[in-house]
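Peer 1: What follows is a single structure, and I will ask about it in a moment.
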Amino acid sequence: MAAGDTGRQRTIRLVALLAMIGASVGLASEAAAQGEIKIGVLQPLSGPMAAEGRRQLNGMEIVRDMVNERGGIGGKKLAWVVADAPDATAATNEAARLISQEGVKLLSGTLSSSLCVPASEVAARNNIVYWEVSCVDPRFNIRGYKNVFRTEIDANGFGWYNIEFIRDTLHKKLGIELKDLKVAFLSEDSAFGQGTTEAGKKRAQELGMQIVAVDLYNRNTMTDFTPIILKLKSIRPDVIVASCYTNDAILFWKQAKQLDLQVKAVLGAGSVSFGSPDFGKSLGKDAEGVFALVEPAGLNPKSVSKEMASLEAEIGKRYEAKFNEKYAASAQLGAAGVWILAEVLRMTAGDLSPDKVRAAALKLDIPLGGAPNGWGVKFREDGQNTLERVQHYMLQWQDGRLVTVWPERFAVSSAKLVPLPKWSER
Amino acid sequence: MEVLPQLIVSGIVLGGIYALVSVGLTLIFGVMRVVNFAHGEFLMLSMYLAIGLHAVLGLDPYVGLLPAIPIALVFGVLVYYAVLRPVIGRTHVVQIFTTLGLSIVLQNAALMLWSANFRQLQLPYGDKVIAVWGGVLTLPQLIAFAVAALFTLTLFAWLKLTYLGKAMRATAQDPNAATLVGIDTRKMFLVAFLVGTTCVAVAGMLMAPLFPTYPTVGLQFALVAFVVVVLGGLGSAVGALIGGLIVAFLDVMGGFYVGTAWKEVLYFIVFISVLLIRPAGLFGQRGAEDLGN
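Protein sequence lines, in the order shown, are assigned to chains A and B. Residue 43 in our numbering sits at position 25 of the first sequence; the count goes up by one each step and never skips. Residue 87 in our numbering sits at position 76 of the second sequence; the count goes up by one each step and never skips.
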């Protein structure tokens, strides 16, 4: 300070300085209040997974819009920067681009197990949060990263729930003791299929089921299921547990009919498999009776909180009005993931810094039935939503629609066509 | 149902499908020496055409062949003059980028036009099973195979017996020498491309009842088609049929006796072995494998 300053001058300077600071703070907070919380969203919007990737993005958008309409996160609106990630290379490149060029501080996505691991590597390297709503690769959460979260279960959960359905109800309906039940696993050979199948096999072994076949195939080059179906015909499993994508699921079941494969039940996990709307549309009445482990298609209203029941109904209604198709599976994962993210961001007041998000996420504790899809939320230390809270449901194709048939608490209908009738009698 | 007869029937049917997709490619690849990466997308477009004709006009895909062939010809002419003609005779890198670019454009155009949903063309008689030699096949499979066999044999006869066919084979063997003896190789390129495009259009129409249709369905068959074409011999229609059958049998038999996960290993072993012994492929013109012309 200059030697000639008088006390009065000093006071004026101080006031001016304070005023400037105040003004700039005011401006900044105003900008932030009007501003947006920018989130990078990676989804496969071209390539073989585009159908489900688009659905998932649509589901995410519906909830984003609802959050924004209701005042956003502390006045700030959620805003997407969407990037197309049809394969692992694109996922890596686009994740890097969103971070370095678009300046996003949180990444979310991605339909597939082949995408979430590479994309989240990039997020981890750049020390930002990766918020996964869908992929099920078990490796996602075991890499020691502090900033990866997943709202959906992993493939272990898929495999576990598949077998749990058999243990809890299916084998009784079939009238076969668990130890006598012959189970065949059919699996595409990416992380999704293998992860699900490994976990299912493990659980089936623990329960003493007879695992009579495990067949792996590459879904990108699978043009004929005859060899597998003939093998299954000679082994005669009671139940087939399949982990497919959509085109192969359709082809498999089409050929199963053609070659007259008789099984008592067939079930498979995932929104891209028997749970895809395209499966039912493509096969018509031949899809009847097939089980799909996915998000609920209708929940027993008594099983979820009242608030959640009306929220669910609203999401579904808005989705169907906007996109003119049933709100299902992939879209439900996206919707639930964004809803949970919004809950966490409310706790951090929109702060996306990894420490704050992590602290809030780990603190969040919502009981089963308190989140969309009838889920609950309790993140494990490794960022995985506890498998018990990510309730999964066995749906069945009945009269051209998927309906929730298990667990009983949530079910809106009971399982039919158990055991599956002969093809000639359908 | 006995296993072996069914495997044989399925192998033959699948071989017919592979041949159908490959026979167009073998002409384009063999005569023009352009590696057409968009071949699978041509197939995809044709499958959508079958679905469209069925949905809008109620046309059975077999009747749909009548409008499909002229549509394919017009499409072929457009693509030839707009995309391929400028790159004929350029380096392979230029051609590969061009056709790969075309394939990406077509895939994404399909994605925008028809979305990525999986569609299945359902025919009332599509699942009707016919018993043959102790195995079963469906009517659409039988028709696909019959047409594949007919097409390859007709093409074979045409290439062998007609002047145009001979000129085409000469072009496949050595374009420079063909030019020297007075063959208009540019015209041959156009004819080869149009015949190839028509073949793949027919393939798509016949395959729509058999496989789900989606914007990237072509990828599933394009790789196999390239294997079949090189295995059978560039430019050889019979090579495409035999090559298709070999790959299909390895698919089906290997899938059953060794495991489906191994099928590609098996056919690539055979593929590499054949190329070591006969670099021109099984039925290829000697010297035609020299891509550096």
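Yeah, the Cβ is synthetic: ideal placement off N, Cα and C, and Gly gets one too.
Taking the beta strand (DSSP E) that Tyr225 of chain B falls in, what are its first and last residues?
Peer 2: Element bounds for Tyr225 of chain B: n/a, residue is neither H nor E.
Peer 1: So which residues of chain B does Ala379 of chain A contact, with C-beta pairs closer than 8 Å?
Peer 2: Neighbours of Ala379 of chain A on chain B: none; closest Cβ ~32 Å, over 8 Å.
Peer 1: What separation, rounded to the nearest whole angstrom, lies between the Cα atoms of Pro255 of chain A and Val201 of chain A?
Peer 2: Taking the straight line joining both Cα atoms gives about 5 Å.
Peer 1: As an exercise, report each continuous alpha helix (DSSP H) stretch of at least 4 residues that is fully enclosed by the region 192-235 of chain B, in chain order.
Peer 2: 196-218, all fully within the region 192-235 of chain B.
Peer 1: Put Ala379 of chain A into one of helix, strand or coil per three-state DSSP.
Peer 2: Of the three classes helix, strand and coil, the one that applies to Ala379 of chain A here is helix, per DSSP.
Peer 1: Just the Cα atoms here: how many angstroms apart are Pro72 of chain B and Met218 of chain B?
Peer 2: Rounded to whole angstroms, Pro72 of chain B to Met218 of chain B spans 9 Å at the Cα level.
Peer 1: Measure the Cβ-Cβ separation of Leu54 of chain B and Met216 of chain B and say whether it is below 7 Å.
Peer 2: The answer is no: Cβ separation not under 7 Å.
Peer 1: Quick one: list the residues of chain B neighbouring Gln61 of chain A, beta-carbon separation under 7 Å, in chain order.
Peer 2: Within chain B, no residue comes near Gln61 of chain A; the closest Cβ sits about 11 Å away, beyond 7 Å.
Peer 1: Out of A:Arg419, A:Ser132, A:Arg444 and A:Asn318, which has the shortest C-alpha to C-alpha gap to Phe292 of chain A?
Peer 2: Phe292 of chain A has its Cα closest to that of A:Arg419, out of A:Arg419, A:Ser132, A:Arg444 and A:Asn318.
Peer 1: Are the C-beta atoms of Leu277 of chain B and some chain A residue less than 7 Å apart?
Peer 2: No, because no Cβ of chain A sits closer than 7 Å to the Cβ of Leu277 of chain B.
Peer 1: Give me the chain A residues within the contact set of Ala127 of chain B, using Cβ-Cβ distance strictly less than 7 Å, ordered along the chain.
Peer 2: By Cβ distance, chain A contributes Ala68, Ala69 and Arg72.
Peer 1: With 16 other CB atoms within 10 Å as the buried threshold, where does Met123 of chain B fall?
Peer 2: That one is exposed.
Peer 1: For Asp383 of chain A, is the classification buried or exposed, using 16 other Cβ atoms within 10 angstroms of its Cβ as the cut-off for buried?
Peer 2: It counts as exposed.
Peer 1: So which residues on chain E does Ser21 of chain B lean against when the C-beta distance must stay under 7 Å?
Peer 2: In summary, chain E is missing from the structure at hand, where the protein chains are A and B.
Peer 1: Identify the continuous beta strand (DSSP E) that holds Asp207 of chain A and give its terminal residues.
Peer 2: Taken as a continuous stretch (DSSP letters only), Asp207 of chain A belongs to no beta strand (DSSP E), as it is neither H nor E.
Peer 1: Listed from N- to C-terminal order along the chain, which residues in the region 293-306 of chain A have their beta-carbon within a distance smaller than 9 Å of any beta-carbon of chain B?
Peer 2: Answer set for the region 293-306 of chain A: Ser294, Pro295, Asp296, Phe297, Lys299, Ser300, Leu301, Gly302 and Asp304.
Peer 1: For a contact meaning CB atoms closer than 9 Å, what does Leu351 of chain A contact in chain B?
Peer 2: Result: empty, since nearest Cβ-Cβ is about 17 Å, beyond 9 Å.
Peer 1: Using only alpha-carbon positions, find the residue among A:Pro104, A:Ser138 and A:Glu182 that is nearest to Arg161 of chain A.
Peer 2: Answer by Cα proximity: A:Ser138.
Peer 1: Below 9 Å on C-beta distance, what does Asn119 of chain B contact in chain A?
Peer 2: Ser64, listed in chain order.
Peer 1: Starting from the N-terminal side, write out each stretch of the alpha helix (DSSP H) that is 4 residues or longer and does not extend beyond the region 66-113 of chain A.
Peer 2: The qualifying runs are 68-87.
Peer 1: Under a Cβ-count criterion, where at least 16 other Cβ atoms within 10 Å of its own Cβ denotes burial, should Leu287 of chain B be classed as buried or exposed?
Peer 2: So Leu287 of chain B ends up on the exposed side.
Peer 1: Sort out for me which residues DSSP pairs Asn403 of chain A with in a bridge.
Peer 2: Asn403 of chain A pairs with A:Phe397.
Peer 1: Quick one: using the 10 Å Cβ neighbour count with 16 as the cut-off for buried, is Thr165 of chain B buried or exposed?
Peer 2: It counts as exposed.
Peer 1: Out of A:Glu361, A:Ser152, A:Thr110 and A:Gly316, which one is the CA nearest neighbour of Arg427 of chain A?
Peer 2: With distances taken between Cα atoms, Arg427 of chain A lies closest to A:Gly316.
Peer 1: Taking Cβ to Cβ, would you say Leu204 of chain A is nearer than 7 Å to Ile258 of chain A?
Peer 2: Yes, the pair counts as a contact, with Cβ atoms nearer than the cut-off.
Peer 1: Secondary structure at Arg221 of chain A, three-state DSSP: helix, strand or coil?
Peer 2: Three-state DSSP puts Arg221 of chain A in a helix.
Peer 1: Where do the ends of the alpha helix (DSSP H) carrying Ser114 of chain B lie?
Peer 2: Per DSSP, Ser114 of chain B belongs to the alpha helix (DSSP H) from His103 to Trp125.
Peer 1: Compare the Cα-Cα distances from Trp178 of chain A to each of A:Val230, A:Asn238, A:Leu96 and A:Leu285 and report the closest residue.
Peer 2: Trp178 of chain A has its Cα closest to that of A:Leu285, out of A:Val230, A:Asn238, A:Leu96 and A:Leu285.
Peer 1: Let's see if you can read the secondary structure: which residues bound the beta strand (DSSP E) around Trp415 of chain A?
Peer 2: Per DSSP, Trp415 of chain A belongs to the beta strand (DSSP E) from Tyr411 to Gln416.
Peer 1: Using 7 Å as the limit for Cβ to Cβ distance, is Gln273 of chain A near chain B?
Peer 2: No - not a single Cβ of chain B is within 7 Å of the one on Gln273 of chain A.
Peer 1: If you drop the 5 nearest sequence neighbours on each side, which residues of the same chain put their C-beta closer than 6 Å to that of Ala159 of chain B?
Peer 2: Gly27, Ala30 and Leu31, listed in sequence order.
Peer 1: Enumerate in chain order the residues of its own chain whose CB-to-CB distance from Ala50 of chain A is below 7 Å, with the five nearest sequence positions on each side excluded.
Peer 2: Below a pLDDT of 50, predicted positions are generally treated as unreliable, and Ala50 of chain A, at 46, falls in that range; the measurement from the model is reported next regardless. Excluding residues within five positions, the ones whose Cβ falls inside 7 Å are Lys94.
Peer 1: Measure the C-alpha to C-alpha separation of Ser126 of chain A and Asp369 of chain A and round it to an integer number of angstroms.
Peer 2: Cα to Cα, Ser126 of chain A sits roughly 15 Å from Asp369 of chain A.
Peer 1: Is the CB-CB distance between Val14 of chain B and Leu248 of chain A below 7 Å?
Peer 2: A contact, by the Cβ cut-off of 7 Å.
Peer 1: Please tell me whether Ser442 of chain A has its Cβ less than 7 Å away from any Cβ of chain B.
Peer 2: False, the Cβ-Cβ gap to chain B never drops below 7 Å.
Peer 1: Thinking Phe86 of chain B and Thr208 of chain B are a contact (beta carbons under 8 Å), I'd like their distance in whole angstroms, please.
Peer 2: Between Thr208 of chain B and Phe86 of chain B the Cβ distance is about 7 Å, and since that is below 8 Å, they are a contact.
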